[in-house]
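Student:
Numbering (this note's numbering), first residue to last: 20 to 537.
1. Buried or exposed for residue 498, please, with buried defined as at least 16 other CB atoms from any protein chain shown within 10 angstroms of its CB.
2. With 16 other CB atoms within 10 Å as the buried threshold, where does residue 476 fall?
3. Tell me the residue span of the beta strand (DSSP E) that contains residue 184.
4. Using the three-state DSSP reduction, which class does residue 279 fall into: helix, strand or coil?
5. Mind checking which residues open and close the beta strand (DSSP E) that includes residue 396?
6. Rounded to whole angstroms, what's the CA-CA distance from residue 552 to residue 391? Just pull it up for me.
7. Indicate whether residue 249 and residue 257 have their beta-carbon atoms separated by less than 7 Å.
8. Out of 239, 452 and 301, which has the shortest C-alpha to C-alpha gap to residue 482?
9. Which residues share a DSSP beta bridge with residue 408?
10. Put residue 133 into one of helix, strand or coil per three-state DSSP.
11. What does the Cβ neighbour count give for residue 15, buried or exposed, with the cut at 16 atoms within 10 Å?
12. For residue 371, which of 292, 354 and 148 has the nearest alpha-carbon?
13. Determine, using beta-carbon pairs with one atom in the segment 454-466 and one in the segment 222-229, whether at least three such pairs fall under 8 Å.
14. Counting only runs of 3+ residues fully inside the segment 248-274, write out the beta strand (DSSP E) ranges in chain order.
15. Pull up the DSSP beta-bridge partners for residue 445, would you.
16. Sorted by chain position, which residues of the same chain lie with C-beta nearer than 6 Å to residue 165's C-beta, five sequence neighbours on each side aside?
17. Cα-Cα, which of 289, 522 and 262 is closest to residue 269?
18. Could you round the C-beta distance between residue 448 and residue 413 to whole angstroms and report it? I think they count as a contact, below 8 Å.
19. So, at 6 Å on beta carbons, what are the nonlocal neighbours of residue 157 in its own chain, with the 5 sequence-adjacent residues on each side left out?
20. Which of the three DSSP states, helix, strand or coil, is assigned to residue 381?
21. Can you tell me whether DSSP reads residue 345 as helix, strand or coil?
22. I want to know whether the segment 377-384 touches the segment 397-405 - three or more CB-CB distances under 8 Å.
23. For the candidate residues 99, 346 and 321, whose alpha-carbon lies nearest to that of residue 377?
24. Tell me whether residue 483 sits in a helix, a strand or coil according to DSSP, three-state version.
25. The beta strand (DSSP E) spanning residue 290 covers which residue range?
26. What distance in whole Å lies between the Cβ atoms of residue 446 and residue 430, which are believed to be in contact at a cut-off of 8 Å?
27. For the beta strand (DSSP E) that contains residue 506, what are its first and last residues?
28. So, for residue 533: in the same chain, excluding its five sequence neighbours on each side, which residues have a beta-carbon less than 7 Å away from its beta-carbon?
29. Rounded to the nearest angstrom, what separates residue 192 and residue 177 at their Cα positions?
30. What does the alpha-carbon distance come out to for the pair residue 525 and residue 537?
31. How do the segment 291-300 and the segment 308-317 stand: do at least 3 beta-carbon pairs fall below 8 Å, yes or no?
32. Of all the options 348, 337, 328 and 340, which has the alpha carbon lying nearest to the alpha carbon of residue 17?
33. Spatial neighbours of residue 160 within its chain, please: C-beta separation below 8 Å, excluding the five flanking residues on both sides.
34. Comparing alpha-carbon positions, which option in 342, 317 and 373 lies nearest residue 325?
35. Shortest alpha-carbon distance to residue 436 belongs to which of 167, 473 and 395?
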């Protein structure tokens with residue numbers, strides 16, 4: 020029983036073990052199954068994922084293939100673009116080279132064009148210059164022709180006047196003046212000026228019948244009033260009233276022989292007599308003052324400090340014009356031949372060819388005269404710096420500030436006085452002439468202002484410098500208009516008609532268009 024129990028127990032144990040083993044086997048199988056199912060599910064998921072991945076991969080592959088196609092296409096396009104770019108670069112380089120060549124060609128063309136333009140401009144300028152020169156030459160030729168006609172008319176006028184054809188001579192004289200002035204030439208040329216002087220008859224002459232009139236000066240502060248002194252001891256005042264010279268005697272005493280006079284700025288008159296006396300006329304009242312020494316005084320010259328230098332043949336004397344008394348005397352050892360002024364100081368010339376600048380009686384600067392011959396007259400221009408020396412031989416020497424000297428030849432005897440006004444020089448001479456010289460000309464010729472048969476002792480100009488007063492050795496006083504314009508204006512007033520066409524054609528020329536001169 021027990022044995023059965025043991026057997027049943029054993030069987031039960033074995034069964035239990037078998038069941039337990041089966042259970043374990045089942046359990047293991049079940050777990051394995053679940054594991055396999057899990058793996059299967061996982062495999063299915065993985066399969067699904069793999070399918071998805073495969074699909075995605077295929078899609079990606081397709082996309083990659085498409086991208087590859089695109090990339091290949093882009094690469095080909097890039098290669099094409101590179102080729103195009105390279106071609107464009109090559110073309111650009113060619114274009115650049117062409118552009119450079121074109122630029123060089125353009126620059127060359129520009130240079131050529133500029134040179135052609137400059138050449139054309141130069142040619143145009145040359146043509147303009149030639150045209151202007153031709154026009155100028157024509158004008159010059161026409162001007163010279165008209166000026167020549169003017170001079171020819173002046174010479175014709177002189178001949179006609181001397182032949183008694185005074186009206187026609189006056190017409191030709193005025194025509195000569197117009198032709199000369201209208202075409203820019205100076206009327207102060209002998210061929211034009213001489214007929215103006217002759218035909219205009221703008222000369223007044225008055226015989227004082229009081230012996231040689233030795234000095235004439237313009238009264239300060241007046242336009243045309245002059246004072247004269249004579250060798251018969253007379254002092255006269257003169258002025259133009261109407262068409263004649265009006266004279267008034269201020270002093271008259273035959274015991275005196277006046278040789279020179281000086282007019283102070285206040286109107287006081289000083290006259291020096293060879294007898295050794297100084298006559299002073301102040302406010303119309305005359306006084307006689309003896310001059311010390313025995314120098315036979317003959318010249319007067321103003322000095323600084325209201326002093327008056329009295330020059331004689333053997334001494335110098337000084338007169339104080341303020342106090343009215345003699346202020347000193349000094350003997351000299353030279354023979355004076357001429358007295359004038361240089362830069363505010365008296366200058367004396369002697370027979371030995373020397374000159375003496377008188378700064379005071381104690382200070383005399385002596386030097387050799389820069390010109391040949393005996394100097395008898397002198398003038399200095401503050402404006403031009405020219406010094407003019409007149410000699411006893413009739414020659415006038417003009418010296419510039421640089422020392423250059425030129426001769427003016429026209430007078431035939433002793434020069435008695437020289438005056439300068441700008442580039443004009445006036446000179447008088449014992450040959451009876453008062454001449455005008457234009458110093459601006461290279462070879463000035465004298466224009467005769469006054470021609471007298473008597474010695475010209477002295478002359479002066481009025482304030483306008485258009486009238487001249489001259490004195491002669493026979494006691495005549497001459498007033499003459501020296502302005503060419505004024506003489507022509509006066510002549511025009513007297514003309515009553517124009518030249519006829521026939522006269523114009525004969526004297527002027529039929530090739531010159533006729534025109535009225537009045």
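Where is the CB? At the ideal position from N, CA and C, for every residue including glycine.
From a predicted model like this one, the values you see are computed outputs, not experimental measurements.
Tutor: Well, looking at it:
1. Buried, because 16 or more other Cβ atoms sit within 10 Å of the Cβ of residue 498.
2. Buried, because 16 or more other Cβ atoms sit within 10 Å of the Cβ of residue 476.
3. DSSP places residue 184 outside any beta strand (DSSP E), giving it a letter other than H or E.
4. Residue 279: strand per DSSP, three-state reduction.
5. It spans 394-399 - the beta strand (DSSP E) in which residue 396 sits, taken as one unbroken run.
6. Past the edges of the chain, shown from 20 to 537, lies residue 552, and the structure says nothing about it.
7. No. Outside cutoff.
8. Of all alpha-carbon atoms in 239, 452 and 301, the one lying nearest the alpha-carbon of residue 482 is that of 239.
9. Beta-bridge annotation (DSSP): residue 408 is paired with 397 and 416.
10. Residue state, collapsed to three classes: helix.
11. The shown model of the chain, from 20 to 537, leaves out residue 15, and the question about it has no answer.
12. Of 292, 354 and 148, the residue nearest in Cα terms is 354.
13. Touching, no.
14. If we require 3 residues or more, the beta strand (DSSP E) runs fully inside the segment 248-274 come out as 253-260 and 263-271.
15. Answer by DSSP bridge pairing, in chain order: 438 and 455.
16. Excluding sequence neighbours, residue 165 sits near 198 and 202.
17. Comparing Cα positions, the closest option is 289.
18. That pair is a contact at about 6 Å.
19. Its pLDDT being 49, under 50, residue 157 is placed unreliably in this model, and the value from its coordinates should be taken loosely. So no residue of the chain qualifies.
20. Coil at residue 381, not helix or strand.
21. Strand.
22. No: fewer than three Cβ pairs fall under 8 Å.
23. Sorting 99, 346 and 321 by C-alpha distance to the C-alpha of residue 377 places 321 at the top.
24. Note: residue 483 maps to coil in three-state DSSP.
25. Bounds of the beta strand (DSSP E) holding residue 290 are 288-292.
26. Indeed they touch by this definition, with Cβ atoms about 7 Å apart.
27. Per DSSP, residue 506 belongs to no beta strand (DSSP E); it is in the alpha helix (DSSP H), 503-513.
28. 520 and 523, listed in sequence order.
29. Roughly 8 Å between the two C-alpha positions.
30. Their backbone Cα atoms lie some 19 Å apart in a straight line.
31. Touching, yes.
32. Outside the shown range of the chain (20 to 537) lies residue 17, about which nothing can therefore be said.
33. Caution is warranted here: a pLDDT of 49 is assigned to residue 160, below 50, making its placement in the model unreliable, and no coordinate value can be reported.
34. For residue 325, the nearest C-alpha among the options comes from 342.
35. Residue 395 is the option with its Cα nearest to residue 436.
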